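S.K.: For reference, the structure I am asking about is given below.
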Amino acid sequence: MAKAGLRMVYARLLRRYGPQHWWPGDTPFEVMVGAVLTQNTAWVNVERAIANLVEANALDPARMAAMSETRLGELLRPSGYFNVKARRLRSFCRWYLATGGYDRLSMLDTDDLRRQLLAVHGVGPETADDILLYAFTRPVFVIDAYTRRIFGRLGMITGDEDYETLRRCFETGLKRDVPLYNEYHALIVRHGKDVCRPRPLCGECCFARSACAYYRDASNP
DNA sequence: TACCAGGAGAAAA
DNA sequence: TTTTCTCATGGT
869 MAKAGLRMVY ARLLRRYGPQ HWWPGDTPFE VMVGAVLTQN TAWVNVERAI ANLVEANALD
929 PARMAAMSET RLGELLRPSG YFNVKARRLR SFCRWYLATG GYDRLSMLDT DDLRRQLLAV
989 HGVGPETADD ILLYAFTRPV FVIDAYTRRI FGRLGMITGD EDYETLRRCF ETGLKRDVPL
1049 YNEYHALIVR HGKDVCRPRP LCGECCFARS ACAYYRDASN P
């Protein structure tokens, strides 16, 4: 993928939306919990589930690991897939405690930490990379559905490449820079929510053609 | 009413 | 190995 194209899209997204100040979460552990809960789920519903955890004084790896899946599922209900996510979060918390928590995990190199995350039940490539970038501040580019849709419509990718292929595309096309990866992914999500929807909701973005007319038209901000 | 949302794992082909 | 199915609440 053309490096100039990647830089151009970033510059235009940043100019249009400004810094997004991601990830919403007060602690690295809360970021990790949010990364699991947001799987195929709107963030507003994740916030409700996290609020339930805080209210129950359960936003803690030891307490979540000790809680029954049924009880944890009740707290996670607003985020959807609550039975699935209760099991995944308990698996994650058991792993997190067994490995010694944040300080010990921070000592691992990025590749090793990524391999360990991917071995946890319920942590796939996107969730692992969310955690690496936003909780451990590692230079890993997160690929999500918005990334595929936006860059597919721009004609820069086909959109059906496998995850690792796309991650390499972005990481080799951009300098290894945590603040850049952080902001770029946040802007992609913002633009995806804003105008680059699955179906046309406004005239700003072309949904009928393979390329995105919005970014082809240099007069747009 | 139908679609969509910051995926992942299991089952089926 | 690749594709399809399942999980679920809440907003638009």
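Taken in order, the first sequence gives residues 869 to 1089; the numbers are from the working numbering.
We treat Cβ as the ideally placed atom computed from N, Cα and C, and that holds for glycine.
Nothing here was measured: the structure is a model prediction, and the numbers come from that model.
Buried or exposed for M1024, going by 16 or more other Cβ atoms inside 10 Å?
M.R.: Locating residue 1024 in the first sequence gives position 156, counting from the first residue. Classification of M1024: buried, given that the 10 Å Cβ count is 16 or more.
S.K.: Return yes when the Cβ of V904 is within less than 8 Å of the Cβ of T967, no when it is not.
M.R.: Here the question's residue 967 lines up with position 99 in the first sequence. Here the question's residue 904 lines up with position 36 in the first sequence. No; because the gap between Cβ atoms is not below 8 Å, this pair is not in contact.
S.K.: What span of residues does the alpha helix (DSSP H) with Q888 cover, start to end?
M.R.: Sequence index remark: in the first sequence, residue 888 carries index 20 (1-based). Here Q888 belongs to no alpha helix (DSSP H), and DSSP marks it neither H nor E.
S.K.: Under 6 Å Cβ to Cβ from V1046, same chain only, skipping five residues before and after it: list those, please.
M.R.: For this step, residue 1046 is matched to residue 178 along the first sequence. Here the set comprises T1005, P1007.
S.K.: Per DSSP, what kind of secondary structure is C1070 in: helix, strand or coil?
M.R.: To locate residue 1070, count along the first sequence from 1; it is residue 202. Confidence is the limiting factor: at C1070 the pLDDT is only 39, short of 50, which leaves the residue's position unreliable, though a coordinate-based value still follows. Reduced to three states, the DSSP call for C1070 is coil.
S.K.: So is Q932 buried or exposed if we call it buried at 16+ other beta carbons inside 10 Å?
M.R.: If you number the first sequence from 1, residue 932 lands on position 64. The residue asked about is misnamed: residue 932 is Met in this sequence, not Gln. Buried, since its Cβ has 16 or more Cβ neighbours within 10 Å.
S.K.: Would you call the stretch 981-1000 and the stretch 938-946 in contact, with 3 or more CB pairs under 8 Å?
M.R.: With the cut-off at 8 Å, the stretch 981-1000 and the stretch 938-946 do not touch.
S.K.: Cutting at 8 Å between CB atoms, please list the residues of its own chain near D997, excluding the five before and the five after it.
M.R.: For the purposes of this step, residue 997 is identified with residue 129 of the first sequence, where counting begins at 1. R982, V1008, F1009, V1010, I1011, R1035, listed in sequence order.
S.K.: Report yes if the C-beta distance between I1056 and Y1002 is below 8 Å; otherwise report no.
M.R.: Taking the first sequence and counting its residues from 1, one reaches residue 1056 at position 188. Taking the first sequence and counting its residues from 1, one reaches residue 1002 at position 134. Their beta carbons are not under 8 Å apart, which means I1056 does not touch Y1002 by this criterion.
S.K.: With three or more beta-carbon pairs closer than 8 Å as the criterion, would you say the stretch 968-978 touches the stretch 951-960?
M.R.: Cβ pair count under 8 Å is below three, so no.
S.K.: Mapping DSSP to helix, strand and coil, what is H989?
M.R.: Start at 1 with the first residue of the first sequence, and residue 989 comes out as number 121. If DSSP states are grouped into helix, strand and coil, H989 belongs with coil.
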